[in-house]
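Numbering (my numbering), first residue to last: 6 to 103.
Below you'll find the structure, written out as structure tokens, and then a few comments.
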């Protein structure tokens with residue numbers, strides 16, 4: 006019989022996606038910083054900012070941009086707007102806002 010620790014390690018190696026963070030919730034609007042908390046969205050945020058504004062890796066734009074989840078497919082994001090002052094967390098199940 007296999008030891009539980011050996012099985013745990015085997016599952017972690019074979020199924021790494023089970024340990025990753027959750028995708029954003031389709032239909033909700035997120036601040037960039039909340040997308041980064043949920044998962045590895047930095048490359049997608051940068052690509053989306055480049056699509057609408059040209060090349061940019063400005064940390065403020067990354068953290069304080071607003072993005073809608075689910076535009077183009079489950080977990081995908083679409084840039085909505087830039088928050089001039091700050092982007093605010095709307096709370097669980099609610100849209101973030103400027």
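Positions of the beta carbon are idealized from the N, C-alpha and C atoms, including for glycine.
Straight-line Cα distance separating residue j from residue i
i, j, result
"residue 27", "residue 44", "6 Å"
"residue 46", "residue 68", "11 Å"
"residue 30", "residue 99", "10 Å"
"residue 77", "residue 97", "23 Å"
"residue 101", "residue 95", "4 Å"
Where the alpha helix (DSSP H) through residue i begins and ends
i, result
"residue 79", "It is not in any alpha helix (DSSP H) - residue 79 carries neither H nor E in the DSSP assignment."
"residue 70", "It is not in any alpha helix (DSSP H) - residue 70 instead sits in the beta strand (DSSP E) that spans 70–74."
For residue i, the first and last residue of its enclosing beta strand (DSSP E)
i, result
"residue 35", "34–36"
Local Cβ density within 10 Å of residue i, reported as buried at 16 or more and exposed below that
i, result
"residue 53", "buried"
"residue 57", "exposed"
Residue i, DSSP secondary structure in three states
i, result
"residue 65", "helix"
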